[in-house]
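>
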Amino acid sequence: MLNRTGRVSVIDDISVPSGGGILPRGLSVRALGNAHAGPFEFDVPAGACLVITGMSGAGKSVLLRMMADLDPHQGDVALDGRFCSAMPAHRWRRQVVYLPAEPGWWSDSVLDHIPDDVLTRGLMAKAGLRAGVLNDPVHRLSTGERQRLALVRGLRLAPRALLMDEPCSALDEATTLMVEAMMREVMTGGTAIVLVSHDSAQAMRMADLRRELANGHFVGVDS
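Note that UniProt numbering has the sequence shown beginning at 1, numbered continuously upward.
1. Could you check the C-alpha separation between residue 103 and residue 77 for me, to the nearest Å?
2. Out of 165, 214 and 174, which one is the CA nearest neighbour of residue 49?
3. Return the chain-ordered ranges of every alpha helix (DSSP H) run that is complete within the stretch 100-137 and spans a minimum of 4 residues.
4. Would you mind working out which of 169, 162, 137 and 181 sits nearest residue 125, comparing C-alpha positions?
5. Within this structure, are the beta carbons of residue 179 and residue 151 separated by less than 9 angstroms?
6. Quick one: Cα of residue 201 to Cα of residue 66, how far?
7. Taking all protein chains shown into account, decide if residue 111 is buried (16 or more other Cβ within 10 angstroms of its Cβ) or exposed.
8. Quick check on residue 12: does DSSP put it in helix, strand or coil?
9. I need the straight-line Cα distance from residue 218 to residue 70, nearest angstrom please.
10. Relative to the C-alpha of residue 35, which candidate in 61, 73, 90 and 43 has its C-alpha closest?
11. DSSP state of residue 28, grouped into three classes?
12. Taking the alpha carbon of residue 128 as the reference point, which residue from 33, 149, 31 and 92 has its own alpha carbon closest?
13. Helix, strand or coil for residue 168 per DSSP?
14. Could you tell me which of 186, 61 and 46 sits nearest to residue 212, measuring between CA atoms?
15. What whole-angstrom Cβ distance do residue 79 and residue 27 have, given they're in contact under 8 angstroms?
16. Report the residue from 68, 57, 113 and 63 whose alpha carbon sits nearest the alpha carbon of residue 91.
17. Thinking just about the alpha-carbon of each residue, which of 171, 63, 168 and 75 is nearest to the one in residue 30?
18. Could you pull the start and end residues of the beta strand (DSSP E) that residue 211 belongs to?
19. Please report the distance separating the alpha-carbon of residue 193 from that of residue 157.
20. For residue 189, which residues in the same chain have their Cβ closer than 8 angstroms to its Cβ, ignoring the five residues on either side in sequence?
21. Tell me the DSSP secondary structure of residue 190 in three-state form.
22. Given this structure, state the Cα-to-Cα distance separating residue 206 from residue 214, to the nearest angstrom.
23. So residue 114 packs on residue 153, CB below 8 angstroms; how close in whole Å?
24. Could you tell me which of 169, 196 and 173 sits nearest to residue 51, measuring between CA atoms?
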């Protein structure tokens with residue numbers, strides 16, 4: 001069948017570009033856009049990190065939200081050759097995890113969001129989070145603690161892709177490096193990452209690919 005744009009054929013949940021060819025493992029963005037940004041065409045191979053830079057208001061968060069299928073858009077995004085339009089929304093969002101700059105919380109109890117188990121404790125230790133943070137109300141947490149807990153919550157899903165919007169904006173240098181080490185670890189396991197960052201040093205450390213956004217469009221060439 002065809003997706004909502006009529007561009008991609010889907011047979012038995014395996015997606016094939018309408019122009020032929022094989023999609024790479026990882027993330028593939030095809031003609032993705034809306035009235036404010038795009039259209040975008042790019043690939044992020046499994047285990048690679050694409051860093052997106054640009055001024056505030058350039059469209060970086062808009063792009064991530066479209067990739068996460070949270071905002072209306074045209075075009076499509078594929079993960080390991082399977083298109084978002086061919087998946088139930090909940091399945092896509094478990095595999096392609098979006099971490100906004102200010103994470104959302106539907107309860108003031110951390111434990112309502114993240115269970116206290118061995119996996120959580122291990123991820124918290126890697127993120128430099130104190131054990132007692134699980135018992136704190138969300139409104140008492142610092143922005144940096146909320147950002148890292150959102151990362152722990154996302155990594156518990158074992159995602160195949162992470163869409164990260166300024167995940168270290170409220171962290172000091174030492175803690176930023178701890179979070180980056182966690183990112184590299186999941187990349188080693190094949191997770192593709194799209195990272196929005198204003199930190200030029202972080203971009204240099206993390207980027208396998210790098211693009212700049214301005215006025216809703218990529219500028220310059222791939223690097």
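Ideal Cβ positions, reconstructed from N, Cα and C, are used throughout, including at glycine. Nothing here was measured: the structure is a model prediction, and the numbers come from that model.
Straight from the coordinates:
1. Going by the C-alpha atoms only, they are around 23 angstroms apart.
2. Checking every option, the nearest Cα to that of residue 49 belongs to 165.
3. Fully enclosed alpha helix (DSSP H) runs of 4 or longer: 118-126.
4. Comparing Cα-Cα distances from residue 125 to each of 169, 162, 137 and 181, the minimum goes to 181.
5. The answer is yes: Cβ separation under 9 angstroms.
6. Cα to Cα, residue 201 sits roughly 27 angstroms from residue 66.
7. When all chains shown are included, residue 111 counts as exposed.
8. For residue 12, the predicted model reports a pLDDT of 31, less than 50, meaning its position is unreliable; a value from the coordinates is still stated below. In the structure shown, residue 12 sits in coil (DSSP, three-state: anything other than H, G, I, E or B).
9. Using only the alpha carbons, I get a separation of about 21 angstroms.
10. Distances from the alpha-carbon of residue 35 to those of 61, 73, 90 and 43 put 73 closest.
11. The answer is strand: DSSP assigns residue 28 an E or B state.
12. Comparing alpha carbon positions, the residue from 33, 149, 31 and 92 closest to residue 128 is 149.
13. Residue 168: coil per DSSP, three-state reduction.
14. Shortest Cα-Cα distance from residue 212 to any of 186, 61 and 46 involves 61.
15. In this structure, residue 79 and residue 27 form a Cβ contact; the two beta carbons are roughly 6 angstroms apart against a cut-off of 8 angstroms.
16. Closest option to residue 91, Cα to Cα, is 68.
17. Closest option to residue 30, judged by alpha-carbon separation, among 171, 63, 168 and 75: 75.
18. Start and end: 209-214.
19. Going from the Cα of residue 193 to the Cα of residue 157 covers about 15 angstroms.
20. Within the same chain, residue 189 has close Cβ partners 47.
21. In the structure shown, residue 190 adopts coil according to DSSP, grouped into three states.
22. Approximately 21 angstroms between the Cα atoms of the pair.
23. Contact holds; Cβ gap of about 5 angstroms.
24. Closest by alpha carbon: 196.
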